[in-house]
Amino acid sequence: REWHEWCSRRRLLVLRFVDGDRLPYLGSHLVLRTDADAVATYRQERELRLALPRGAGEPRVRDAVQAWLQAEARRVFAERIARFGDRISSRYSGWSLSSARSQWGSCTHDGRLRLSWRLIHFSLPVIDYVVAHELAHLDEMNHSARFWRSVAQLLPGFEVARDEIRGVDMTSLPL
6 REWHEWCSRR RLLVLRFVDG DRLPYLGSHL VLRTDADAVA TYRQERELRL ALPRGAGEPR
66 VRDAVQAWLQ AEARRVFAER IARFGDRISS RYSGWSLSSA RSQWGSCTHD GRLRLSWRLI
126 HFSLPVIDYV VAHELAHLDE MNHSARFWRS VAQLLPGFEV ARDEIRGVDM TSLPL
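Below is the structure:
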């Protein structure tokens, strides 16, 4: 019973991919709206306007939402990495999106970061924490005390964001 309660506390909302449902985005929510007159999917205030006819099936809505989220992830993550600017190790050689459901990010020995596009569901401080965590791995490929000092130098006060994402079950994300 305790295990089931613990799991349910870690779960995010269940998304049905229909007009009017709520999508987690950057730590908040967007309401999904189909818009047959739209030329492309776009965000308008607190809504994600999908260029789909009203009554579009869940698979079409899901595909449109996922494509938009991945494009947003590319844009937002590039901005967040750039914020670390001159604090990035000289070993850094670039980054790419991943579709991982087992880890938020990874770092290779050749200096490349991979970030799960699903991070786009979380607030900017959480995204910054994952970016800083992976950037710190460029110099420390472990989780030693020196590694955590490196994370703290990149992102002072990272612990709150780390604790927030540590409690999330990646398999409970809507996409």
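Taking the working numbering, the leading residue of the sequence shown gets 6, the next gets one more, and so forth.
The beta-carbon is built from N, C-alpha and C at its ideal position, and this holds for glycine as well.
These numbers were taken from a predicted model, which means no experiment stands behind them.
DSSP state of LEU37 mapped onto helix, strand, coil: Within the sequence shown, numbered from 1, the residue matching residue 37 stands at position 32. For LEU37, the secondary structure class from DSSP, reduced to helix, strand or coil, is strand.
Using 8 angstroms for Cβ pairs, my map puts THR39 next to ALA72. What's the rounded Cβ distance? To locate residue 39, count along the sequence shown from 1; it is residue 34. To locate residue 72, count along the sequence shown from 1; it is residue 67. Going by Cβ atoms, the distance from THR39 to ALA72 rounds to 15 angstroms, so no, they are not a contact pair.
Secondary structure at ASP168, three-state DSSP: helix, strand or coil? Here residue 168 refers to the residue found at position 163 of the sequence shown. Three-state result, ASP168: helix.
Return yes when the Cβ of SER121 is within less than 8 angstroms of the Cβ of ALA105, no when it is not. Numbered from 1 along the sequence shown, position 100 holds the residue referred to as residue 105. Numbered from 1 along the sequence shown, position 116 holds the residue referred to as residue 121. Yes, they are a contact pair.
Exposure label - ALA133; buried when at least 16 CB within 10 Å: Counting from one through the sequence shown, the residue named residue 133 turns up at place 128. At residue 133 the sequence reads Asp, which differs from the Ala that was named. With 16 or more other Cβ atoms within 10 Å, it is buried.
Roughly how many whole angstroms lie between the Cα atoms of VAL136 and GLY25? As a position in the sequence shown, residue 136 is number 131, starting the count at 1. As a position in the sequence shown, residue 25 is number 20, starting the count at 1. Between VAL136 and GLY25, the alpha-carbon positions lie close to 32 angstroms from each other.
Alpha carbon to alpha carbon, what distance is there between TRP109 and TYR30? Counting from one through the sequence shown, the residue named residue 30 turns up at place 25. Counting from one through the sequence shown, the residue named residue 109 turns up at place 104. Answer to the nearest angstrom: the Cα atoms are 16 angstroms apart.
What span of residues does the alpha helix (DSSP H) with GLU84 cover, start to end? The sequence position of residue 84 within the sequence shown is 79, counting from 1. That run of the alpha helix (DSSP H) goes 63 to 88.
Closest by C-alpha distance to LEU140, when choosing among GLU164, CYS112 and PRO161: As a working note, residue 140 is residue 135 in the sequence shown. LEU140 has its Cα closest to that of CYS112, out of GLU164, CYS112 and PRO161.
May I ask which residues mark the beginning and end of the alpha helix (DSSP H) holding TRP153? For the purposes of this step, residue 153 is identified with residue 148 of the sequence shown, where counting begins at 1. Taken as a continuous stretch (DSSP letters only), the alpha helix (DSSP H) holding TRP153 covers 150 to 159.
Nearest residue (CA-CA) to VAL36, options ARG51, ILE170, ASP91 and ALA76: Indexing the sequence shown from 1 puts residue 36 at position 31. From the listed residues ARG51, ILE170, ASP91 and ALA76, the smallest Cα separation to VAL36 is found for ARG51.
C-alpha distance - LEU17 paired with GLN158, whole-angstrom precision: Sequence index remark: in the sequence shown, residue 17 carries index 12 (1-based). Sequence index remark: in the sequence shown, residue 158 carries index 153 (1-based). Unreliable positioning characterises LEU17 in this predicted model, as indicated by a pLDDT of 48, which lies under 50. The coordinate reading is nonetheless provided below. Just so you know, the alpha carbons of LEU17 and GLN158 end up roughly 31 angstroms apart.
GLN49: which of HIS34, ARG59 and GLU63 sits nearest, CA to CA? Locating residue 49 in the sequence shown gives position 44, where the first residue counts as 1. GLN49 has its Cα closest to that of HIS34, out of HIS34, ARG59 and GLU63.
With DSSP collapsed to three states, give me the class of PRO130. Locating residue 130 in the sequence shown gives position 125, where the first residue counts as 1. For PRO130, the three-state secondary structure derived from DSSP is helix.
CA-to-CA distance, LEU124 to GLY32, given in whole angstroms: Within the sequence shown, the letter at position 27 stands for residue 32. Within the sequence shown, the letter at position 119 stands for residue 124. In a straight line, the C-alpha of GLY32 is about 10 angstroms away from that of LEU124.
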